[in-house]
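Trainee:
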Amino acid sequence: MKNYIYLLSVFVYIPYAYSESCLGEKYNEVITEYLSIMNESYSRVKNISDCQVNSSLNNLVCSNDKLKNEMHLLSIGEIYAYENATHTPVADYSTYNNDFKDWLNNLVKSEKNKDIALRKLCYVIKTKLSDDFGSDFSYTPDIYEVISSKANSNGVVVYNLSSIIYLGKSCDAVVSGYKDIKSIWYNDGDQFVIAQSDKNGKFEEKYRFNHDDKVAKLNCEKPKN
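Residues 1 to 225 (the UniProt record's numbering) are what the sequence shown spells out, left to right.
Structural data, given as structure tokens:
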């Protein structure tokens, strides 16, 4: 009897993260409406997540219909945004997203923890849909994700989709686009923070990031004042 209960719990238990979509319930109708409208012109665009193919990305996405819809809209959005920005039609819809698909698959594959992989995928989906379609999918993260990081002799360089940030061993920070604003960084539990100085020279939290192994190895603590 105990063995039966254990096996039943294994098959019934599904982590909350995998049962939900990235954007949440309030966006389900918006996504359905967008797909209906966009399919009039982009019906030939295939979903980046091809559930007939075994891959790390597809294994994460294909058990969740809502997440598949979000990925389908993202697939269309990447082409729509390019054509809208350049006023140039994409020659081959079937191959345009191939590099992006491979990049997403490698991003998911690189994470041993599936919860973190899904969290980063959702971060990409929300950021890209905001970039592709604008206000209907407006997204400003409370907590940013490190999409890639590279350590060097002076510190760590991180990329978060929208900017490149240098984190120095001396706890100084430089954010692309804000090089003239004095910035510092520090570890805060399992996260790290970039703070920027205000007009009075006081540092205030500007960006908060989830854990990154390379950054965590640098021992920068939160200033006491």
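Using N, Cα and C, we set each Cβ at its ideal position, and we do this for glycine too.
None of these values were measured; they are calculated from a predicted model.
Taking three-plus beta-carbon pairs below 8 Å as touching, is the segment 111-125 in contact with the segment 170-188?
Mentor: No contact exists between the segment 111-125 and the segment 170-188.
Trainee: Please state if the CB of Val61 and the CB of Ile79 are separated by a distance shorter than 9 Å.
Mentor: Not in contact: Ile79 and Val61 (Cβ atoms no closer than 9 Å).
Trainee: Return the chain-ordered list of same chain residues with a C-beta closer than 7 Å to the C-beta of residue 294, the five sequence neighbours on each side being excluded.
Mentor: This structure does not reach residue 294, given that the chain is present from 1 up to 225, and the question cannot be answered.
Trainee: When you compare each of Asn98, Glu205 and Asn154 to Ser49 by their alpha carbons, which one comes out closest?
Mentor: Of Asn98, Glu205 and Asn154, the residue nearest in Cα terms is Asn98.
Trainee: In terms of DSSP beta bridges, what is Arg208 paired with?
Mentor: Per DSSP, Val193.
Trainee: Which value, in whole angstroms, describes the spacing of the CA atoms of Pro223 and Glu204?
Mentor: Near 11 Å, if we compare the C-alpha coordinates of Glu204 and Pro223.
Trainee: In or out: Val53 buried (at least 16 other Cβ within 10 Å) or exposed?
Mentor: So Val53 counts as exposed.
Trainee: The beta strand (DSSP E) that contains Tyr186, what's its start and end?
Mentor: Tyr186 -> beta strand (DSSP E) spans Ser183 to Asp188.
Trainee: Just confirm the distance between the C-beta atoms of Glu145 and Tyr123, as a whole number of angstroms; I'd bet it's less than 8 Å.
Mentor: Contact flag correct, Cβ pair sits at about 4 Å.
Trainee: Helix, strand or coil for Ser148? Go by DSSP, reduced to three states.
Mentor: Residue state, collapsed to three classes: strand.
Trainee: Exposed or buried, which one is Ile37 when buried takes at least 16 other CB atoms within 10 Å?
Mentor: Classification of Ile37: exposed, given that the 10 Å Cβ count is below 16.
Trainee: Nearest to Ser197 by alpha carbon, out of Glu29, Tyr178 and Ser170?
Mentor: Closest option to Ser197, Cα to Cα, is Tyr178.
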